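Data block below; observations after.
Numbering (this note's numbering), first residue to last: 11 to 177.
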């Protein structure tokens with residue numbers, strides 16, 4: 011089993027030292043105006059935020075827009091400039107020659123209530139292995155997200171957002 015050292019950094023700017031590492035993931039917290047969060051799943055049991063790997067030459071925002079569309083059916087391209095990075099994880103794999111990479115977290119506030127969203131997974135890339143294909147999408151209240159994503163309780167991103175949402 012892989013061993014990882016993970017450090018959370020709550021910032022909208024990647025430090026100069028960290029910027030030398032590749033970005034391997036961009037995940038997006040999509041908040042509705044009624045305080046729900048859009049989540050996705052490959053199997054209906056294990057849930058996560060929409061997101062994934064940047065394609066060659068993509069910016070963080072471009073990755074966020076593409077992944078959100080592929081995994082949720084929501085076209086956020088018209089509000090792409092409102093997608094805000096709010097932090098990132100620096101991941102070091104000691105078992106893999108200390109390979110180091112970044113996992114960036116973004117957020118976007120959607121000016122719709124959850125019941126008005128037309129969520130679907132039809133745009134998901136089905137050329138990837140079937141176990142990697144998102145098959146489910148839904149929205150849940152922010153205060154219920156840890157029931158579906160239990161590891162989130164201890165995550166830096168959740169603790170950061172909890173402080174923002176609670177205000």
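Ideal placement from N, C-alpha and C gives every residue a C-beta, glycine not left out.
Being a predicted model, the structure only gives us computed values, none of them experimental.
Quick check: what's the CA-CA separation for residue i versus residue j?
| i | j | result |
| --- | --- | --- |
| residue 130 | residue 42 | 16 Å |
| residue 91 | residue 13 | 36 Å |
| residue 65 | residue 173 | 32 Å |
| residue 145 | residue 52 | 5 Å |
| residue 75 | residue 141 | 22 Å |
| residue 23 | residue 166 | 16 Å |
| residue 121 | residue 93 | 13 Å |
| residue 109 | residue 103 | 5 Å |
| residue 169 | residue 50 | 20 Å |
| residue 72 | residue 25 | 20 Å |
| residue 177 | residue 171 | Residue confidence is low: residue 177 scores 48 on pLDDT, short of 50, so the model does not pin down where it sits. Its coordinate-derived value is still stated next. Residue 177 and residue 171: Cα-Cα distance of roughly 10 Å. |
| residue 35 | residue 153 | 24 Å |
Might you give, ordered along the chain, the residues of its own chain that have their beta carbon closer than 6 Å to the beta carbon of residue i, omitting 5 neighbours on each side?
| i | result |
| --- | --- |
| residue 99 | 16, 18 and 113 |
| residue 48 | 40, 82 and 149 |
| residue 111 | 31, 32, 34 and 101 |
Going by CA-CA distance only, name the one from the options that's closest to residue i.
| i | options | result |
| --- | --- | --- |
| residue 101 | 175, 174, 22 and 30 | 30 |
| residue 151 | 22, 54 and 175 | 175 |
| residue 132 | 73, 158, 84 and 55 | 84 |
| residue 147 | 53, 118, 82 and 109 | 82 |
| residue 77 | 158, 105, 59 and 159 | 59 |
| residue 38 | 121, 107, 162 and 62 | 62 |
| residue 126 | 44, 34, 25 and 32 | 44 |
| residue 118 | 35, 156 and 46 | 46 |
| residue 88 | 79, 124 and 159 | 79 |
| residue 28 | 68, 56 and 97 | 97 |
Residue i lies in the alpha helix (DSSP H); which residues open and close that run?
| i | result |
| --- | --- |
| residue 148 | Residue 148 -> not in any alpha helix (DSSP H); beta strand (DSSP E) instead, spanning 146 to 151. |
| residue 74 | 70 to 82 |
| residue 42 | Premise fails: residue 42 is in no alpha helix (DSSP H) and is neither H nor E. |
Indicate the three-state DSSP secondary structure (helix, strand or coil) for residue i in the structure shown.
| i | result |
| --- | --- |
| residue 168 | helix |
| residue 62 | strand |
| residue 54 | coil |
| residue 126 | helix |
| residue 163 | helix |
| residue 132 | coil |
| residue 173 | helix |
What are the boundary residues of the beta strand (DSSP E) that includes residue i?
| i | result |
| --- | --- |
| residue 120 | Counting along the chain, residue 120 falls outside any beta strand (DSSP E), and DSSP gives it neither H nor E. |
| residue 156 | Not the beta strand (DSSP E): residue 156 falls in the alpha helix (DSSP H), residues 155 to 158. |
| residue 19 | 15 to 19 |
| residue 95 | 94 to 103 |
If you drop the 5 nearest sequence neighbours on each side, which residues of the same chain put their C-beta closer than 8 Å to that of residue i?
| i | result |
| --- | --- |
| residue 163 | 156 |
Skipping 5 residues on each side, what residues in its chain have a beta carbon closer than 7 Å to that of residue i?
| i | result |
| --- | --- |
| residue 124 | 42, 44, 46 and 149 |
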